[in-house]
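One structure below.
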Amino acid sequence: MSSPAMIHTPLPYSTAKELSDSGVAAAAFPFNYISCKPPAAAAEDDNNEAADEAQIPSIDFSLLSSRNPDNRAQIVRELGRACEEWGFFTVSNHGVPVALQKAMMDACAGFFDLTAEEKEDYMGRQVLDPIRFGTSFNSKVDDVQYWRDFLKVFQHPVFHYPTKPTIFREVLEGYSRHIRQLGKDLLNAIWESLGLEENDMQEALSLKSCFQILVANFYPPCPKPELALGLPAHSDHGLVTVLMQNGTDGLQVMHNGKWLGVKPLPNSFLVNIGDHMEVCMSN
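Just so we're aligned: 137 in the UniProt record's numbering is position 137 of the sequence shown, and the numbers increase by one with no gaps anywhere.
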């Protein structure tokens with residue numbers, strides 16, 4: 001049973017960052033953010049084990065443009081196997097400049113550092129709002145709040161951007177262009193691994209009109225990280241997610257019914273197959 005000292009009524013802050021910045025003490029951690037068992041209870045749970053580190057398949061993206069047909073065929077097979085057996089893989093040598101990656105991280109950090117009043121302009125009410133700032137996972141229906149703020153920006157087929165910080169538009173234009181091309185090349189190779197033609201992919205997936213969305217997640221310092229979660233277990237609904245990490249541990253993926261920790265790799269993206277792609281591949 002958890003200690004009463006750990007459970008307090010919700011505090012009057014609307015986002016995880018506001019709550020973190022308020023200096024809330026560990027002993028006053030609000031109950032509506034408690035997702036996990038307290039340490040004493042967790043220690044008694046036979047199933048509570050530290051997640052092993054995942055050996056996620058790694059794809060050298062540069063080999064997809066190799067002039068050696070055997071090298072390309074090999075990496076296409078490895079990519080197909082990674083999708084089928086894992087649903088996740090890391091991508092190295094992808095061609096997205098390191099400076100652009102850092103600039104995108106900095107621009108997102110700059111947005112989350114805006115005042116509450118400035119971010120209020122983007123506090124979206126609808127899922128399809130082209131620019132939406134929010135907190136938790138789905139704060140309107142979540143029984144438990146998750147220790148995460150987010151920014152979602154639609155980039156395709158219509159390009160949107162927040163006006164602050166002022167550098168955001170320029171950085172996002174370059175970053176989204178690189179990621180869109182990377183995603184299209186990966187999808188083409190995945191399709192090829194299934195023995196299908198690129199024209200079939202274009203027709204089946206309607207790539208010219210499908211959405212491309214930037215989702216920036218912000219996880220502020222938490223006074224009781226053993227009780228809170230940044231995000232619950234979930235799958236992504238799109239075709240593929242190209243995830244850039246900031247080098248901090250914490251992400252886990254499920255493989256063969258077991259949660260595995262993902263070690264961030266410098267200058268690599270983690271790619272996961274979404275629900276839409278799984279349906280297409282199954283068919």
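Built from N, CA and C at the ideal position, the CB exists for glycine as well.
As assigned by DSSP and simplified to three states, the class of S62:
helix
So, does the CB of N267 fall closer than 7 angstroms to a CB anywhere in chain C?
As a matter of chain content, chain C is missing from the structure shown, which is built from one protein chain.
Can you tell me whether D149 is buried or exposed? The criterion is at least 16 other CB atoms within 10 Å of its CB, across all chains shown.
buried
Cut-off 6 angstroms between Cβ atoms - residues of its own chain near A216, not counting five sequence neighbours on either side:
C108, L151
Exposed or buried, which one is Q181 when buried takes at least 16 other CB atoms within 10 Å?
exposed
How far does the alpha helix (DSSP H) with G80 in it reach, from first residue to last?
Counting along the chain, the unbroken alpha helix (DSSP H) around G80 starts and ends at 69-85.
Beta strand (DSSP E) containing R132: first to last residue?
131-135
Looking at I56 and T90, is the spacing between their C-beta atoms short of 7 angstroms?
yes
At which residue ranges does the UniProt domain "Fe2OG dioxygenase" (210-283) contain complete alpha helix (DSSP H) runs of 4 or more residues, listed in the order of the chain?
275-282
Rounded straight-line distance, which links the Cα of M104 to that of P97:
11 angstroms
Is DSSP giving L196 helix, strand or coil here?
coil
Which value, in whole angstroms, describes the spacing of the CA atoms of A54 and S66?
28 angstroms
In whole angstroms, give me the CA-to-CA distance for L270 and V253.
11 angstroms
What separation, rounded to the nearest whole angstrom, lies between the Cα atoms of S92 and P264?
12 angstroms
Identify every run of the alpha helix (DSSP H) within the region 105-191, keeping only runs that are complete inside it and at least 4 residues long; order them along the chain.
116-120
Simplified DSSP assignment, three categories, for V91:
strand
Limits of the alpha helix (DSSP H) - the one that L19 falls within
16-21
Length of the line joining the Cα atoms of G124 and S22
23 angstroms
Our contact map puts L79 next to R72 with C-beta atoms below 8 angstroms; I'd like the distance itself, whole angstroms only.
Their Cβ separation, rounded to whole angstroms, is 10 angstroms, which puts L79 and R72 out of contact at 8 angstroms.
Alpha carbons only, please: which of L239, D275, F111 is nearest the one belonging to L187?
Looking at the Cα atoms, L239 is the closest of the given residues.
Just to check my reading of the structure: L214 and Y146 have Cβ atoms closer than 8 angstroms, yes? What is that Cβ distance to the nearest angstrom?
In fact, because the Cβ distance is near 19 angstroms, the residues do not count as touching under 8 angstroms.
Return the CA-CA distance between G257 and W86, expressed in angstroms with no decimal places.
11 angstroms
Select from T248, N267, P220 the residue whose C-alpha is nearest the C-alpha of G261.
The residue with the shortest Cα to Cα distance from G261 is T248.
Can you list, in chain order, the residues of its chain with a C-beta nearer than 8 angstroms to that of E197? Leave out the 5 residues immediately preceding and following it.
W191
On the premise that F137 lies in contact with L19, defined as a C-beta separation below 8 angstroms, what is that separation, rounded to the nearest angstrom?
Not quite, the Cβ-Cβ distance comes to about 16 angstroms (not below 8 angstroms), so this is no contact.
Among C222, A233, A189, M277, which has the Cα closest to the Cα of I59?
Nearest of C222, A233, A189, M277 to I59, Cα basis: A189.
Which residue from S235, P225, N267, S193 puts its Cα closest to that of P30?
Selected option, being the one with the closest Cα: P225.
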